[in-house]
Amino acid sequence: MPLNWPRLVKPVSQILPKLQDQIKRTHVWALVDSLTYLRRSGRMSAVMSTIGELLQIKPILTMHDGVSKAERVRTRKNGLARLVARIQELAPFEQIAFLHSNALQDAMDLKAAVQALLPHPDTAFEIINPILGAHIGTGVVGFACITSNKRG
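Residue numbers for the sequence shown follow the working numbering, so the first one is 1223 and each next one is one higher.
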């Protein structure tokens, strides 16, 4: 997400507080569709992966203020509903982009579900890069946002 700051040369002492504030307001959420890639990359045991696939467990990976966490939901439908709920909780936004790994339709559906909360009608869709995609696989959908500092 590009910064919408004027392109003026400023001392680091003026820029750093703005960046630190923006980092605190940045959130990334992603629903992983398959545990196979987590197992293949060594982030999950084969036993846990097999059990998780049988129970339709879908991890939701989050990152906020430099801290990574994971939630678990059962079924992709519940995972997408959790993403919608989280977007509603975090609104309003300064910026938001929808992320996907070969799941553009799900990303478009996610955007449509929260259209009224979006700061701009032309919100971006971004493809998750192949390096990260190798660890989390295809079918991933999520969002990255910077919350507004005008939150109540």
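We treat Cβ as the ideally placed atom computed from N, Cα and C, and that holds for glycine. Because the structure is a prediction, the values reported are computed rather than measured.
With fewer than 16 other Cβ atoms inside 10 Å of its own Cβ, S1235 counts as exposed. Under the three-state reduction of DSSP, A1356 is assigned to helix. Counting only runs of at least 3 residues, the segment 1271-1314 fully encloses the following beta strand (DSSP E) elements, listed from N- to C-terminal order: 1279-1286, 1289-1296.
DSSP lists I1349, V1363 as the beta-bridge partner residues of H1322. Residue range 1234-1246 is occupied by the alpha helix (DSSP H) that includes L1241.
Taking the Cβ atoms as the reference, K1280 lies roughly 32 angstroms from D1243, outside the contact range of under 8 angstroms.
Here S1271 is buried, its C-beta having at least 16 other C-beta atoms within 10 Å. Rounded to the nearest angstrom, the Cβ distance from L1339 to Q1310 is 7 angstroms, consistent with a contact under 8 angstroms.
With fewer than 16 other CB atoms across the displayed protein chains lying within 10 angstroms of its CB, I1237 is exposed. Just measuring C-alpha positions, the residue of F1315, I1349, I1358, K1291 sitting nearest P1343 is F1315.
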